[in-house]
Amino acid sequence: MNKVYSVCFLLLIVVFCSVLFAFEKDTLGKEDTFYHQMNAFNDLVEKNKMTMTDWQVRIKNQSEHVDNFYTQLDQFEKEYPEFERASLEENKNYVHVTFINGDYEETLLEKVKWIVSSTTKGYKIEKTYELLSNGNGELKNQQLFKDRLSTLGFDLQSSMLFYEVKAELDDTPQDLMIEAEHFVSQLGATTLEGLEEKTFVSISAYHKGWTNGIATNDDKEMNVQIALRENQELGSRTTVTFGTPIITTEY
Numbered sequence: 012m013n014k015v016y017s018v019c020f021l022l023l024i025v026v027f028c029s030v031l032f033a034f035e036k037d038t039l040g041k042e043d044t045f046y047h048q049m050n051a052f053n054d055l056v057e058k059n060k061m062t063m064t065d066w067q068v069r070i071k072n073q074s075e076h077v078d079n080f081y082t083q084l085d086q087f088e089k090e091y092p093e094f095e096r097a098s099l100e101e102n103k104n105y106v107h108v109t110f111i112n113g114d115y116e117e118t119l120l121e122k123v124k125w126i127v128s129s130t131t132k133g134y135k136i137e138k139t140y141e142l143l144s145n146g147n148g149e150l151k152n153q154q155l156f157k158d159r160l161s162t163l164g165f166d167l168q169s170s171m172l173f174y175e176v177k178a179e180l181d182d183t184p185q186d187l188m189i190e191a192e193h194f195v196s197q198l199g200a201t202t203l204e205g206l207e208e209k210t211f212v213s214i215s216a217y218h219k220g221w222t223n224g225i226a227t228n229d230d231k232e233m234n235v236q237i238a239l240r241e242n243q244e245l246g247s248r249t250t251v252t253f254g255t256p257i258i259t260t261e262y
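Using the working numbering, you'd call the opening residue of the sequence shown number 12 and step up by one each time.
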């Protein structure tokens, strides 16, 4: 009888630990997911001996309402003199402002973009942050990056987060789609849909361990996109693009 109780007790412990692990996984914060995705893509590039050519982070904030946009503009430029106002475009409905800091961590480029629209109660501002690299720079300290975003008014938990990596394969695979599926498998994701042309393929996939996602055309949730393009200008090389939850630039 004691053996039966012992076995039952051990089973209860196993079940409890499994439930606890699943709960923690399902409630993984958006911020933790984002950093995990960054590391997963970077590891994939290294594991497959690809050459990273560039990467970018894009963070879209929730819109905010202010009484006077121009006061906000002056305040931003005073508080962050490292940013140069690169452009300010105005029309009857919108104001589009871009600020650039070309010396973040010495090798990275920061952009802050505002899209401002007039409302009956003042102005609505939609802010986007971008961090770009030409492949040579790397994000050295994720905590400093988080603090930087917080200082600039970007909250990872409430924002839309995008990460994208471009790399090159030295050789062109015999079958681009099979190679793309191989990358999906290495990430631990599941293919949802794909597009195949003669020198180009793309796959939309879903990773159940990542909390972010957007809807596909048939209302399934996706959070990984992979594209391969055979680049004739590079000889036998193939350009590979990884994006989460989607690829946000042309590929």
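Positions of the beta carbon are idealized from the N, C-alpha and C atoms, including for glycine.
Everything numeric in this text was worked out from a predicted model, so none of it was measured.
With contacts defined by Cβ atoms closer than 9 Å, Thr222 and Lys41 form a contacting pair. In the three-state reduction of the DSSP assignment, Thr249 falls in the strand class, which pools E and B. For Glu121, the enclosing beta strand (DSSP E) starts and ends at 119–130. DSSP lists Trp66 as the bridge partner or partners of Ser144.
Inside the region 146–170, DSSP marks whole alpha helix (DSSP H) runs of 4 or more residues at positions 153–162, from first to last along the chain. Around the C-beta of Thr44, 16 or more other C-beta atoms lie within 10 Å, and the residue is accordingly described as buried. With at least 16 other beta carbons inside 10 angstroms of its own, His218 counts as buried. In its chain, beyond the 5 residues on either side, Leu203, Ser215, Ala216, Tyr217, Gly224, Ile225, Thr227, Pro256 have a beta carbon closer than 7 Å to the beta carbon of Met233.
With a contact defined as Cβ atoms closer than 8 Å, Val123 and Leu163 qualify at about 7 Å. Residue pairing from DSSP places Glu101 in a beta bridge opposite Val106. A check of alpha carbon separations from Thr139 across Val108, Thr131, Val77 identifies Val108 as the nearest.
Each residue's CA atom was taken as its position, placing Leu167 and His76 some 19 Å apart. When DSSP states are grouped into helix, strand and coil, Ile257 belongs to the coil group. For Tyr134, the number of other beta carbons within 10 angstroms of its own is at least 16, and it is reported as buried.
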